[in-house]
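Down below is the structure, laid out as structure tokens.
Residue numbers (the UniProt record's numbering): 1 to 276.
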């Protein structure tokens, strides 16, 4: 499984234990990931903990998304990726582009994102010129989309999409090392790996949160769906309940604990004020 996906220890355990049982599976998964030469070359250990934030809650997929451009080595005409991350499910879309203009963003929204997932209520991004341009803001207003621009000099506001940029680049690097193909050829498989990897906070993948069923990564037999209207209706009801439960769980990581302390400063303490 690790050779197919290059997932981390926790994701491997979550996916494996959904189907099988094994004593010492965590130690085994940790040993496998530790011995993977490609993962050791590409992965970097996080040196600081992410501080929980708070933004408007998303209750359905693609109700609220975060967008950003990231740059990659040029292959033919392609040099950039427009990365779009759903706040509820963490499902990612990454579209290769030749430039980072507002017209390109408008075209992707109108031709790919909205026809595929429906109308979006809210989009947040940094203050790049392509996102602050008049044509894009007018399009958002016309479609009834609330476009929120992040606080200047505060990259943490774009934390979700920035982390996804790094995750995609790691996946692409591993695939290019394995296959010797360009990143543009490896992109579909990289997206598959990221979308089907169980989330560290919930233990389920963005794929399962979007479709209500786990992605079949390994070769094992699946139960067949019997015919008949009654069976089909029962199947639809089970999927609906599963999706409702998973998306309710997806609300939890979007919130901050009431007892969470952002800092250790107490009334009366002396502090330094940063002057810009």
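Ideal Cβ positions, reconstructed from N, Cα and C, are used throughout, including at glycine.
Annotated three-state conformation of residue 94 is strand, per DSSP. If you draw a straight line from the Cα of residue 105 to the Cα of residue 148, it comes to about 15 Å. Secondary structure note for residue 204: it is in no alpha helix (DSSP H), with a DSSP letter that is neither H nor E. Scanning its chain for C-beta atoms nearer than 6 Å, with the 5 sequence neighbours on each side dropped, one finds around residue 193 the residues 5 and 171, in chain order. Nearest Cα to residue 83 within the set 73, 246, 68 and 77: 68. Put simply, of 131, 27 and 76 the residue whose alpha carbon is nearest the alpha carbon of residue 102 is 131. For residue 207, same chain residues with a beta-carbon under 7 Å away, outside a window of 5 residues either side, are 195, 196 and 215 in chain order. For residue 174, the uninterrupted alpha helix (DSSP H) segment begins and ends at 159-179. Judged by beta-carbon spacing, residue 168 lies beyond the 8 Å limit of residue 200, meaning their Cβ atoms are not closer than that value.
Secondary structure at residue 248: helix, using DSSP grouped into helix, strand and coil. For residue 131, the enclosing alpha helix (DSSP H) has its first and last residue at 129-132. Per the Cβ contact rule, the region 121-141 is in contact with the region 61-80 (3 or more Cβ pairs under 8 Å). Look at residue 77 here: in three-state DSSP terms it is coil, with no helix or strand label. Measuring C-alpha to C-alpha distances from residue 242 to each of 30, 204, 113 and 165 identifies 204 as the nearest.
The secondary-structure analysis by DSSP pairs residue 66 across a beta bridge with 85 and 124. The alpha-carbon of residue 78 is positioned some 47 Å away from that of residue 264.
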